[in-house]
Each structure stands twice: as structure tokens, then as C-alpha cells.
Amino acid sequence: MLRGSTNVSSRLDYLRKIHFSLRYSPIFSLSLSRSHDESRGEAGGHGPRQLVLTSVGGPPVMAGKDGKLESKGGDVIRQGFMVKRSQNKKRFTPVNYKQRWFVLTKHYLIYYDGDGERRKERGRIAVESVHVVETASLGNGGGAVSDVAGGGDTAGGGGGIPSGLPFQVGYREAGQEYTLYLLAAREQDRAEWIRAIRAVCSENSGLSGRYHAGLWSGKRWSCCRLSTRSAEGCDTCSSWSSKPVTNATNPSSTTMTASTTSTTSMPGSINTINNTISTTIITSDHRPQSDAEANNNPIVQSQTRSTIGTPSTPIMPGGTPSTPSSKAKEKIMLRAKVVVALYPFRAIEGGDLSLEKGAEYEVLDDSQEHWWKVKDENGSIGYIPSNYVKEKELLGLQKYEWYVGDMSRQRAESLLKQEDKEGCFVVRNSSTKGLYTLSLYTKVPHPHVKHYHIKQNTRGEFYLSEKHCCGSIPDLVNYHRHNSGGLASRLKTSPCDRPVPPTAGLSHDKWEIDPAELHLLEELGSGQFGVVRRGKWRGSIDVAVKMMKEGTMSEDDFIEEAKVMTKLQHQNLVQLYGVCSKDRPIYIVTEYMRHGSLLNYLRRHETSLGANVGLLLDMCIQVCKGMAYLERHNYIHRDLAARNCLVGSENVVKVADFGLARYVLDDQYTSSGGTKFPIKWAPPEVLNYTRFSSKSDVWAYGVLMWEVFTCGKMPYGRLKNTEVVERVQRGIILERPKACFKEVYEVMRKCWAHSPEVRPSFRVLKEQLISVSQGLVND
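Sequence positions in the sequence shown follow the working numbering and run 302 to 1080.
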């Protein structure tokens, strides 16, 4: 007898027992297969056998030598029947619901025909393109579904909408966003699918923080009634840290689990969906499991006892995540969320609540991203800007005026030099994560800023000099207020009158602003859209008012978009407060930036800035951070340049006018053949096809970096637009500025790759520039 034949015979006997319980299943057929690659390595051609579970009419699902399920497209993580709503990628196609067989692998979510022997692949979604996985409400709050669109081909072939528990998978494809709506048979199935998909997508770039729970009806969202399809989601996404279900019972065994959905049939469905089938084979010694062992193995027991209509629920340590225990619920309900005000806030609109710096507030509703409903110590209730507070349990150094967070070395130096006070200091986050740096201004022997790393010893104590250790950073600061202890000076004061951040809108529910509430002051500048003036809202808040020229933009479309844009909030984006749209001309009201456009700022301060290359690089990084935020929220700027960035106090740089170019009605501006179009910032695909994308913004960002390092010079000098177009088409790029490091110029060159696919994303650019900055300037 050939070597291994007894072993194979024993395994065949064991598999026949399993096959008896599987043979009536419409999901799998069972067979043995020899690995093609391994069959040559054993005597007589008898290589290790593999268990093959074949989806009827579908692709084979094979257990390899490592015991993992494999299929075309990678290891199978989960599979089973669900009802799929048509995605209607083409306009004027009917809405329908069809049952499909879904397979989730490490790389794809694939779906097949669900009609017996004719099963074939109908589509697939790349896992790396997924950015939202959430429950959905298709009409009845996530329970039995009734689609707003109605009609269409259903899972059962009838005219009604199938019942089920809906969820959604949002993904990006060819620059467009799509949402796949699915209906699971049971709550447990939905929870397991969501958890499994999130787990394989958790490392994706561009994961969304907001989503729409409802459907887009063609005119508005059913959840929030917004009438712009690209409107920011009205709900906050759940955590992406969910893990797939694993076998915690016997981790040493090699387990193959082919998971389908529940036994519950979809009404009107063709196939009855079988329960989860779990098959375990111990491969360490190539022997079958005895009946006695099987009776003692809870995994096999769940398989052998499994009958139609008896679902098995995987048991996870600590309970199933989707169904927290009553004790956990009780703990959550009893524990109030308390926040501490970092900045003062004066409520002007009804429904808002004033904040006193350092005071505590109980959060009653934090479902909105930017405005929370809170209660103060006197029992008064109202809305506050969420970026003005910090959860008490998470509050660290933020409550101290000398702590400036992520402020860069260059900005810290600039701030302290502007104060020009001996012993003026700040503490900031170091470029090394988790560490801190003390920046101290001294005039001895000449005005300059010294930087000291705050270190920690083995006892967890903090020190600047090993002779003087303290239990905390505030204690360390307090010690050096009275003793220089090896520093260039005692710590005397920190910069005062630091700016407070802007709020997302002027109130919790205000984007339409009454012009009578605005007091217009001096003109700040003018441009393509009209005149910009400084103003005061209700006599207290500084604003910039852009007075739009009539006939320069598609007004109705912009007003709808403005509702969404007020919710975009980032420290490197100029905050849109609202619009005055009921009269003409339209006013766009934004955050006021005291130093004006980046272009003019660079030209005004060329002498001082030209010698501070680190600060120039920091300005570029700030713009990149703002653009990375827009990229993550799928916004395209279309006119990124130094003239469209603004400078505020403390050398903060913010991106302005994002998205406005989309609404320009001037053909000369929007056409690459016109003189007003920003030719010198445009990549080949825009010049040739007017094809804008986030990658065309990346090209323009490279040109902006060139503007920064030349302190505001005109790209391509005095070349005419036609000459610039010719140079761009031939692949000739801008030369390296004299003040620019080679490493920085290499990043610029990457932005000017001829093919948009080759250009890096803003997220990658940000990481590269921060790395370059750390390498060029010691923290």
C-alpha cells in the first residue's frame, strides 16, 4: 500500500459522516481534491488531500494546507445569501431587489446570481475602495423595509419589497461614490456582516466620518431632507475597530468555517437559506476526529445538531459586541459625559448657551458633529460649539495657556519672537509622538528661541535637567517659573490673547444670515467673484464678507452647497459661517483672516520669510493638511493657488474659496482656452479635457509650493498661456527655487507627474512633507 493511503481512507470515512448532514444542503456539495502543486512531492503522486466545499453553481471554496478557506479573489472571510438593492448607476433605471450569493475575501466583496445552477458573478467591490459600512433605514427605521422608490423586481420575483434588516456599503469607483444597500435575514447576520466588512476595511485611507442612513430619492435624502446629493452625512459613523468573529473555543485547531446567513427565508425567495455550517479538521497529525471527540467539541456539536430552522450563534468572549449586556447598558446610562470649556463663548442666538473658560458642562446630546446640547451647573440648557470643549476624562494639558498642541517649531519661534518678552515660553507636542518640547525665548546674548525636550525617567518623572525631576509637566513648569535650573531663563510668561477657533456656522442652526446683522467695514480686496470687505456680525464677531457680482455664478446651486460647506471644519480651512441669499447681491460670510492672502503676505515679507525656510515649509504643510481634509470629504478645490489661501495670526495658513470655481458662469474662466482660466496651475488633463479631480488639485498644490518658496513669484515668469500649455504638454516643469531644499523639490516633482494616477494623494504628501521637515530641522 502506498504511503498515506490509510490516512486518506480514514479521512474519507470521516468526511462521509459529515457529507450525510450536508448533502441535502442547497448551499454546498462536498468532495476531496488533491493539491496540484503538492501532488508531485509524495510517493506515487498521493499528495495531501483537501476538503472542497463547492457553492452550488458558484466558485469552489477550498481548504488549503493552512486550513483557511480560499477562493478566487483571496481567503473567504464570510459568505451567504442576502438581498441586494439595485445601485442604479445609470440614470432612469428601475429600482429592484434581487437575492444574491455574497462572498467576502481580503480583497473583494463579490456577489453572484442566486438562482440555483446558473450562478455566475454579477459584480464585485474592491475592499480598498470602501469608506462606509453602516446600518441603513430604507423606510421603516431599519426594520421591515419599504423603499421610497418602490416597485421593481424583488428577491422573490414579485412586485413587493422583501423584508429584511438593511445595511449599506459605501465605496468609491472611478472617482465616483456609490452605495450598495443589502438586506440580511436576521439582526445577528447583519451585525456579523458589518463587523466582518469593517475589519477588512479598517486600514483603508479616506474612511468617512459621516454618512446618510436614508436613501437618496433623486431629489433629497430621506433621512435629513437635504436636497444636495453630495451633502455631508447627517449621522456619525461607528468605530472602525470591529474585528471578525474568530474561533475562541479551540484556537490550536485548524478551523474552516463556511458561514452562510440564517435559516430564515426571505419572503418569496427561491432558496431556503441554511444555517451556519462549521467543519473542523485537526491537521497536525492527519487523523480524523473520533465520534467521542466530536461529541466533546462544541464546534462540531453545533454542526451535527444543526438542523433547518435552528440557528447557531457564535459565542464571543465578553458577549456579542452588537448586544451589550444589561450591566454594560446600565453603566453607559449612569455615566454622564462631562466636558470642560477650553475657550469662552458668548451665546447670541436663541437656543445657544454661553461658555465660561474652565467651567464644566454635562452633555445631553452630541449627535451633531459641531454643535452639542449641554447643561451648565445652573441647569440652563443650550447648544455650544463642540470644538470649544474637551471631555473631562480626556483633558490633559489643554487647560493650560502655555500649551499650544501641535504648533510647529517654526510657528512657535515666530510667535515668541513677536511677543519679544524675556522668559516667554510655550509647551508643544514634539515631532516624536507622545513627547513634548519646551520652547523658550531669551534675549541673552541676543534674541533667540531655545528648544528643550521634556524627558521622562524610569520612575515616570519629567525633567529638563536630571537634577530637577517632577511628577507632572505642570509641576515641572511651575518649578522652572521660580528656578532656571539649567535653562537660558526662568519661565516667566506665555503668549497672551491667543485666538479662539472659529465655529461651524454662527449658531447651532444658522446658515442664512440677515444682512441687517452685518456692519460692513473697509475693503479687503477684489477678485473674480466680487469685492471682499471686513465686517462685524452683531457687533461682536469679526467676519469677511464676499459680495458676489451678479451673473458671475450659478447662485441657486451654490446656496444648496453652502448649507453643506458650513459643516466643513478644519484648522487649515477658512470657516464658512453662512450666506445672505434672500437679496441680491449674495453675500458669503466667512472667518476673517487678519493678514490677507498668502500671495500678498509672501511678497510683503519676502526679506524675513526668505531666510526662514523652515517656516515656508510649515506653511506648505498647513495647506496640505487642509487639502487632505477636503480630499477625505471628496471636495475638489479647482482653483488652489497662493492667492486663494489666507494668513491669520500666529502664521496660521488656511485654504479659502474651496469649491467656488465649480459655480462660475464665465466661460473664459472655466474653459482652458480663456485668458482668465488659471492655466499656470492646471495639469494636462484639465488643459486637454477640463477634467478636475483631487489629483488635479495635487498638481496645483505643487505650483503653490513653488510660489511659497519663491515668496510669491509668478510661475513660468512672463510666458504666455499658450507657451505654458506647450511646456506642460511636453513635460517641462518649473525649476527648483533657490531657497528650496532638494528634498522639498522632489515632493514638488511628484505633484507634477503627467499621469494623475501617479501623483500622490494629499494624505501621502502630508506625511512626506512632515518627514522632510523633521529631517531638515531638529525639533
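Every residue, glycine too, gets a C-beta built ideally from N, C-alpha and C.
Legend entry - Rounded straight-line distance, which links the Cα of Tyr-701 to that of Leu-777: Taking the straight line from one Cα to the other gives about 13 Å.
Legend entry - Among Leu-405, Tyr-409, His-408 and Tyr-413, the one whose alpha carbon lies nearest that of Lys-399: Tyr-413
Legend entry - Proximal residues to Lys-722 (C-beta, below 8 Å), its chain only, five neighbours per side dropped: Residues of the same chain with a CB within less than 8 Å of the CB of Lys-722, apart from the 5 flanking positions on each side, are Tyr-742, Lys-793 and Thr-794 in chain order.
Inset, instruction - Taking all protein chains shown into account, decide if Glu-1047 is buried (16 or more other Cβ within 10 angstroms of its Cβ) or exposed. - result: That one is exposed.
Inset, instruction - State the Cα-Cα distance for the pair Pro-552 and Gly-510, rounded to the nearest angstrom. - result: With a pLDDT of 35 at Pro-552, under the threshold of 50, the modelled position of that residue is not reliable, and the figure given next carries that caveat. Distance between the alpha carbons of Pro-552 and Gly-510: 34 Å.
Inset, instruction - Within its chain, find whatever has a CB closer than 6 Å to the CB of Ile-633; leave out the 5 residues flanking it on each side and keep chain order. - result: The predicted position of Ile-633 is uncertain, since its pLDDT is 42 and thus under 50; no value can be drawn from it.
Legend entry - Stretch-stretch touch, CB-based, cutoff 8 Å, three pairs: the segment 485–496 with the segment 377–389: Touching, yes.
Inset, instruction - Please classify Gly-1076: does DSSP put it in a helix, a strand, or coil? - result: helix
Legend entry - Neighbour-count burial assignment, Arg-933, 16 or more Cβ in a 10 Å radius: buried
Inset, instruction - Alpha carbon to alpha carbon, how far is Arg-425 from Ile-755? Give it in angstroms, no decimals. - result: 51 Å
Legend entry - Buried or exposed (CB count within 10 angstroms, at least 16 for buried), Ala-1001: Answer is buried; the Cβ neighbour count reaches 16.
Inset, instruction - Check the C-beta distance from Tyr-684 over to Gly-652 and give it rounded, since I have them as a contact under 8 Å. - result: Contact annotation, Tyr-684 with Gly-652: C-beta distance approximately 6 Å; criterion of less than 8 Å satisfied.
Inset, instruction - Give a yes or no on contact between the segment 877–884 and the segment 797–815, applying the rule of three or more CB pairs nearer than 8 Å. - result: yes
Inset, instruction - Whole angstroms is fine: what's the gap from Arg-791's alpha carbon to Tyr-780's? - result: Spanning the two alpha carbons is a distance of roughly 9 Å.
Legend entry - Cα-Cα separation, Gln-719 to Ile-649: 33 Å
Inset, instruction - With DSSP collapsed to three states, give me the class of Cys-921. - result: helix
Inset, instruction - Whole angstroms is fine: what's the gap from Ser-715's alpha carbon to Asn-952's? - result: When rounded, the distance between both Cα atoms is 8 Å.
Inset, instruction - Can you tell me which of the three DSSP states Glu-1068 falls into? - result: In this structure, Glu-1068 counts as helix in the three-state DSSP scheme.
Inset, instruction - Report yes if the C-beta distance between Tyr-482 and Pro-467 is below 7 Å; otherwise report no. - result: yes
Legend entry - Anticipated Cβ contact below 8 Å, Arg-856 with Ile-887, distance rounded: Contrary to the premise, residue 856 reads as Glu rather than Arg in this sequence. Between Glu-856 and Ile-887 a beta carbon distance of about 6 Å is seen, short of the 8 Å cut, so the two are scored as contacting.
Inset, instruction - Answer with yes or no whether the minimum CB distance from Gly-680 to chain C is below 7 Å. - result: In the displayed structure, chain C is absent; only one protein chain is listed.
Legend entry - Close Cβ partners of Val-999 (< 6 Å) along its chain, the five nearest in sequence each way excluded: Cys-1052 and Arg-1060
Inset, instruction - Determine the contact status of Asp-940 and Pro-979, defining contact as a CB-CB distance below 7 Å. - result: yes
Legend entry - Where Asp-367 falls, given that 16 or more other Cβ within 10 Å makes a residue buried: For Asp-367, the predicted structure reports a pLDDT of 40, less than 50, and the residue's modelled location is therefore unreliable. A value from the coordinates is still provided. Exposed, since its Cβ has fewer than 16 Cβ neighbours within 10 Å.
Inset, instruction - Using three-state DSSP, classify Val-778 as helix, strand or coil. - result: In this structure, Val-778 counts as helix in the three-state DSSP scheme.
Legend entry - Candidates Arg-1037, His-1055, Ala-943 and Gly-697: closest to Val-1029 by CA position: His-1055
Legend entry - Other residues of its chain near His-809: CB distance less than 7 Å, five sequence neighbours each side excluded: Gly-652, Asp-653, Trp-672 and Tyr-684
Inset, instruction - In the DSSP assignment, find the unbroken alpha helix (DSSP H) run with Met-1015 in it and report its ends. - result: Per DSSP, Met-1015 is not a residue of any alpha helix (DSSP H), being assigned neither H nor E.
Legend entry - Per DSSP, the bridge partner or partners of Lys-718: The beta-bridge partner set that DSSP reports for Lys-718 is empty.
Legend entry - Contact under 7 Å by Cβ, Ala-957 with Val-865: At the C-beta level, Ala-957 and Val-865 stay beyond 7 Å of one another.
Legend entry - Same chain, Cβ closer than 8 Å to Gly-897, five either side skipped, listed in chain order: Leu-825, Gly-826, Leu-947 and Val-948
Legend entry - Exposure of Asn-945, with buried meaning 16 or more beta-carbon neighbours within 10 Å: buried
Legend entry - Short Cβ contact (7 Å threshold) for Gly-836 with Leu-819: In contact: Gly-836 and Leu-819 (Cβ atoms closer than 7 Å).
Inset, instruction - Take the Cβ of Arg-304 as the centre, count every other Cβ of all protein chains shown within 10 Å, and call the residue buried at 16 or more, exposed below. - result: With a pLDDT of only 46 at Arg-304, under the threshold of 50, the placement of this residue in the model should not be trusted; the figure read from the coordinates follows. Burial call: exposed.
Inset, instruction - Could you have a look at Phe-1063 and say whether DSSP puts it in helix, strand or coil? - result: helix
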